[in-house]
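**Q** One rule links them: number in our numbering = place in the sequence shown (from 1) + 112.
The structure under discussion is supplied below as structure tokens; questions concerning it will follow.
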Amino acid sequence: MGDERMRSHEVTGKQNLLDASGEICEAGWARRQVWDYRRKDIKAPAFRIKEWDYYMVVHDGGEEDSYAVCFTVSDDGYVGLQSVSLLCLNKENPWEHTETVLNVFPMGKLHLPENSSVGDTVYEDKRLKMRFHITENSREITCEFANFWNEKPLSAHILLEQPDMDTMLIATPWDEKHCFYYNQKINTMKASGEVIFDGKTYSFSKDKDYGTLDWGRGVWTYDNTWYWGSGNACIDGHDVGFNIGYGFGNTAAATENIVFYDGVAHKLDDVKIEIPNDVDLYDMDSPRYMEPWKVSESTGRFEMEFTPILDRFAKMDFKVILSDQHQVFGRMNGKLTLDDGREVVFKDILCFIEKVHNKY
113 MGDERMRSHE VTGKQNLLDA SGEICEAGWA RRQVWDYRRK DIKAPAFRIK
163 EWDYYMVVHD GGEEDSYAVC FTVSDDGYVG LQSVSLLCLN KENPWEHTET
213 VLNVFPMGKL HLPENSSVGD TVYEDKRLKM RFHITENSRE ITCEFANFWN
263 EKPLSAHILL EQPDMDTMLI ATPWDEKHCF YYNQKINTMK ASGEVIFDGK
313 TYSFSKDKDY GTLDWGRGVW TYDNTWYWGS GNACIDGHDV GFNIGYGFGN
363 TAAATENIVF YDGVAHKLDD VKIEIPNDVD LYDMDSPRYM EPWKVSESTG
413 RFEMEFTPIL DRFAKMDFKV ILSDQHQVFG RMNGKLTLDD GREVVFKDIL
463 CFIEKVHNKY
């Protein structure tokens, strides 16, 4: 019973993220940004620090007109990975293309904001211009990517509405000294705008489309495998989002498993993601990613079947630095139970779940 309470430890008091020795002051999860992250407080070398802003915007137009776009600005110490992904998620002919610009040893030169709610994230070079602009109640994404694919450019202008609502923040340590994971997930942001590529406009409308933010800062151990899933939908007139995952440090104090219902967080306990033939945490080749998966929660509040549509597979292997990822998009069916006992039925909810193995 004690372990269950610890995994649900909610932090509510405003405080520094790290103490004078570079360790987390109070591990746990929070609905709002109660921790103050300051890069100067980190005691690990600069090449060990990981900082990233990742946005995903999804349009669910059914089996014949669904698509998504992802934007990443990251400074991972050894390397910077600035990328854009465009995905067609139609059942009959799904496809995706990801283009990435690599930077060697950025180590803080990108000056990513220390607060997820203040300051712009900007990346510019001769080929790629990308900006995440934050206002009090919105986030604006602009992107110009020359020669994105087949010598054709991609442009994007998307607005995400962020009213006053709960989010998911987590601060967890690793067992290795000075290593920590600090992360915020923001779900159910209503999206409007467009992406233009190869003569086609991919439009987003706030009456049915959503964006998600994954904002991370921390010092990771060298070799890690994680599972992460997220999705948003309008269900019976209610905005519903979920975030599930594990592999992010020592989660004795908290997990990041959570559901959002009309802007209110409903915390989940431990979640298990079952990929067919996923027999080894570090084995990325054996799992049968395109067969149905099972997702379950330890108290029975989140029971789902996930049917894949597209595996966004990417591998980068420079021996010392490795990134092997399977971000699988598909549809979720099942039910979840809110804190007050109400049941919410998921029917063909477009979302993703990923398994990623990194050495960096």
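By construction, the Cβ of each residue, glycine as well, lies at the ideal position given by its N, Cα and C atoms.
Taking 6 Å as the limit between beta carbons, can you name the residues of its chain near Ala345, skipping five residues before and five after?
**A** Cβ neighbours of Ala345 beyond the five flanking positions: Val352, Ile461.
**Q** Tell me the residue span of the beta strand (DSSP E) that contains Ala158.
**A** No beta strand (DSSP E) holds Ala158; DSSP gives it neither H nor E.
**Q** For the beta strand (DSSP E) holding Gln259, just list the boundary residues, first then last.
**A** Before going further, note that residue 259 is Asn rather than Gln in the sequence given. Unbroken beta strand (DSSP E) run through Asn259: 250 to 261.
**Q** How would you label Met113, buried or exposed, when you count the other beta carbons within 10 angstroms and need 16 or more for buried?
**A** At Met113, the pLDDT of 34 sits below 50, so the modelled position is not reliable; the number obtained from the coordinates is stated separately. Met113 should be labelled exposed.
**Q** Which value, in whole angstroms, describes the spacing of the CA atoms of Glu208 and Phe260?
**A** Rounded to the nearest angstrom, the two C-alpha atoms are 12 Å apart.
**Q** Flag this pair as yes or no: are the beta carbons of Phe309 and Leu240 separated by less than 8 Å?
**A** No, the pair does not count as a contact, with Cβ atoms beyond the cut-off.
**Q** In terms of DSSP beta bridges, what is Gln194 paired with?
**A** DSSP output for Gln194 lists Val213 as bridge partner(s).
**Q** Only counting runs of 3 or more residues, tell me where the beta strand (DSSP E) segments fall wholly within the segment 296 to 375, in order along the chain.
**A** You should have 312 to 316, 322 to 331, 335 to 347, 350 to 358, 370 to 373.
**Q** Please report the residue range of the beta strand (DSSP E) in which Gln145 lies.
**A** Premise fails: Gln145 is in no beta strand (DSSP E) and is neither H nor E.
**Q** Leaving out five residues on either side along the sequence, give the residues of the same chain with a beta carbon under 8 Å from the beta carbon of Ala156.
**A** Once the five neighbours on either side are set aside, the close Cβ partners of Ala156 are Gly134, His290, Cys291, Val331.
**Q** Which one of Arg443, Lys467, Gln437 has the shortest CA to CA distance from Val457?
**A** Of the candidates Arg443, Lys467, Gln437, the one whose C-alpha sits nearest the C-alpha of Val457 is Arg443.
**Q** For Ile381, which residues of its own chain have a beta-carbon under 8 Å away from its beta-carbon, when the five flanking residues on both sides are left out?
**A** Here the sequence assigns Asp to residue 381, which means Ile is not the residue at that position. Here the set comprises Glu116, Arg119, Ser120, Thr367, Asn369, Glu409, Ser410, Thr411, Arg413.
**Q** Assuming Gly361 and Tyr293 make a contact with CB atoms under 8 Å, what is their CB distance in whole Å?
**A** That belief holds up - the Cβ atoms of Gly361 and Tyr293 are roughly 4 Å apart, short of 8 Å.
**Q** Tell me whether Glu455 sits in a helix, a strand or coil according to DSSP, three-state version.
**A** Reduced to three states, the DSSP call for Glu455 is strand.
**Q** May I ask which residues mark the beginning and end of the beta strand (DSSP E) holding Ala283?
**A** From DSSP, the beta strand (DSSP E) with Ala283 extends over 280 to 285.
**Q** Would you mind giving the Cβ-Cβ distance between Ala377 and Arg150, rounded to the nearest angstrom? I have them listed as a contact below 8 Å.
**A** The pair is not a contact, with the Cβ atoms about 26 Å apart (cut-off 8 Å).
**Q** Which residues in the same chain as Val191 place their Cβ atom closer than 8 Å to its Cβ, once the five residues preceding and following it in sequence are excluded?
**A** Excluding sequence neighbours, Val191 sits near Leu214, Asn215, Val216, Phe217, Pro218, Ile433, Tyr472.
**Q** Would you tell me roughly how many angstroms separate the C-alpha atoms of Val123 and Tyr358, rounded to the nearest one?
**A** Cα-Cα distance, rounded: 19 Å.
**Q** Is DSSP giving Lys152 helix, strand or coil here?
**A** In the structure shown, Lys152 sits in a helix (DSSP, three-state: H, G or I).
**Q** Thinking C-beta only, is Leu266 closer than 8 Å to Val307?
**A** Yes. Within cutoff.
**Q** Checking the sheet assignment: what are the DSSP bridge partners for Thr411?
**A** Thr411 pairs with nothing; no bridge assigned.
**Q** Please classify His245: does DSSP put it in a helix, a strand, or coil?
**A** Reduced to three states, the DSSP call for His245 is strand.
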